[in-house]
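*Asks:* Sending over a structure as structure tokens; questions will come in a sec.
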């Protein structure tokens, strides 16, 4: 799976052009071409362009002195498509090339990109979603799998502490995403004390509207059933991943290990968007027998909501923070994400615990 080249690894002219495009307007001066887009939209475009640049870096074709947008050539795009085609669905490939086209227009507005438009149109014609029925798993099954993962790590005392710590991290990751199937970008960037906060005896996910794709504040209560697994991760596994061995209590709010990124790797580094996705897919493949992406968790959550609560037709819509005109009647007030997520969690908690 290809990774995205971070902004500081881009050619200087590309980086400068993109930063200028993101500059907001001040007074009478207009902002850049991307200034009015939501941060999540800009970050998505930045990540997609990073995939393209990474494909160039891999084959030694990344010229750090290239002018803004000048690396977007027919030859480079052709090699990029060949590099990622086997690992991406046709829909992801088509969308990524379309966003590469958007980035190229921003970085080099005077460039003739008719050839890239034709490629993007051709990919759109053959883009179709894969059948995913084999990747729909009831949410209670995912929750049980995540908690079982933690229990197995607790008793596997013959394994290295770092390996056990990673497994104890992956367990709550799976169970939390099953209870709260939010977007991967938000899930991977959860911050202790900021977007992942302890409120008395429960943990909450709090996402302000500016960080959510649809612009609506998202608040989720984590089921208390997950408290032991989360507590073990935060007090034992996460400190070891960060190379700290001291013991502490969750109530010690001033403790420095209760701040920073929630999900960390084996060297204490914040797990990136792609790293969290890989951990989820690898863990589900090993313990469930099929590789589930974070988006599959959303699909599974929607399916579970409809299957378990057919009398609540809007539960799935509220759970995923979708508001489709075909789903939401004009006289129907969509429940807040907090209400529907808590209702969904209560049902699934009862089923998973039975």
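Residue numbers (UniProt numbering): 1 to 354.
From the three backbone atoms N, C-alpha and C, an ideal C-beta is built for every residue, glycine too.
In this text, all values refer to a predicted model and were calculated from it rather than measured experimentally.
(1) How should residue 417 be labelled, buried or exposed, when 16 other C-beta atoms within 10 angstroms of its C-beta is the threshold for buried?
(2) State the start and end residues of the unbroken alpha helix (DSSP H) segment that holds residue 126.
(3) With contact counted as at least three CB pairs below 8 Å, one residue from each stretch, are the stretch 225-232 and the stretch 161-174 in contact?
(4) Report all residues from its chain with a CB closer than 8 Å to the CB of residue 31; omit the five preceding and five following residues, and keep chain order.
(5) Across the stretch 117-131 and the stretch 142-154, are there enough close Cβ pairs to call them in contact, namely three or more that are closer than 8 Å?
(6) So what's residue 261 in DSSP terms, helix, strand or just coil?
(7) Output needed for residue 12: all residues of its chain with C-beta closer than 7 Å, excluding positions within five of it in sequence on either side, in chain order.
(8) Go to residue 44, then tell me how far its beta strand (DSSP E) extends in each direction, as first and last residue.
(9) With distances taken from CA atoms, which of 185, 299, 194, 287 is nearest residue 277?
(10) Over the uninterrupted beta strand (DSSP E) stretch that includes residue 203, give me the two end residues.
(11) Residue 137 by DSSP, collapsed to three states: which one?
(12) Going by DSSP, what residues sit across from residue 26 in a beta bridge?
(13) Do residue 146 and residue 175 have their C-beta atoms within less than 7 Å of each other?
(14) Give every residue of the same chain whose Cβ lies closer than 7 Å to the Cβ of residue 42, excluding the five residues on either side of it in the sequence, and list them in chain order.
(15) Out of 165, 259, 282, 273, state which residue places its alpha-carbon closest to the alpha-carbon of residue 243.
(16) Leaving out five residues on either side along the sequence, give the residues of the same chain with a beta carbon under 8 Å from the beta carbon of residue 177.
(17) For residue 108 versus residue 68, is the C-beta spacing smaller than 7 Å?
(18) Using a Cβ-Cβ cut-off of 6 Å (strictly less than) and excluding sequence neighbours within five positions of residue 265, which residues of its own chain qualify?
(19) Indicate the three-state DSSP secondary structure (helix, strand or coil) for residue 218 in the structure shown.
(20) First and last residue of the beta strand (DSSP E) that includes residue 198?
(21) What do you get for residue 103, buried or exposed, if any count of 16 or more other CB atoms within 10 angstroms of its CB means buried?
(22) Verify whether the separation of the beta carbon atoms of residue 53 and residue 5 is less than 7 Å.
(23) Report the residue ranges of all alpha helix (DSSP H) runs contained in full by the stretch 82-108; include only those spanning at least 4 residues, in chain order.
(24) Given residue 304, which residues of its chain have a CB within under 6 Å of its CB, disregarding the five upstream and five downstream residues?
(25) Ends of the alpha helix (DSSP H) at residue 34?
(26) Measuring straight from C-alpha to C-alpha, what distance separates residue 105 and residue 113?
(27) Would you call residue 46 buried or exposed, if buried means 16 or more other Cβ atoms sit within 10 Å of its Cβ?
(28) CB residue 94 to CB residue 116, shorter than 7 Å?
*Replies:* The relevant details are as follows:
(1) Outside the shown range of the chain (1 to 354) lies residue 417, about which nothing can therefore be said.
(2) From DSSP, residue 126 is part of no alpha helix (DSSP H); its letter is neither H nor E.
(3) yes
(4) 23, 24, 25
(5) The answer is no - the stretch 142-154 does not touch the stretch 117-131, with fewer than three Cβ pairs under 8 Å.
(6) strand
(7) 64
(8) It is not in any beta strand (DSSP E) - residue 44 instead sits in the alpha helix (DSSP H) that spans 39-58.
(9) Out of 185, 299, 194, 287, the CA that lies nearest to the CA of residue 277 is found in 185.
(10) 202-207
(11) coil
(12) 29
(13) yes
(14) 22, 34
(15) 165
(16) 142, 187, 280, 294, 297
(17) Yes.
(18) 271
(19) strand
(20) 196-199
(21) buried
(22) The Cβ-Cβ distance between residue 53 and residue 5 falls below 7 Å.
(23) 90-107
(24) 138, 139
(25) Where residue 34 is concerned, there is no enclosing alpha helix (DSSP H), given that its DSSP letter is neither H nor E.
(26) Approximately 8 Å between the Cα atoms of the pair.
(27) buried
(28) Residue 94 places its beta carbon 7 Å or farther from that of residue 116.
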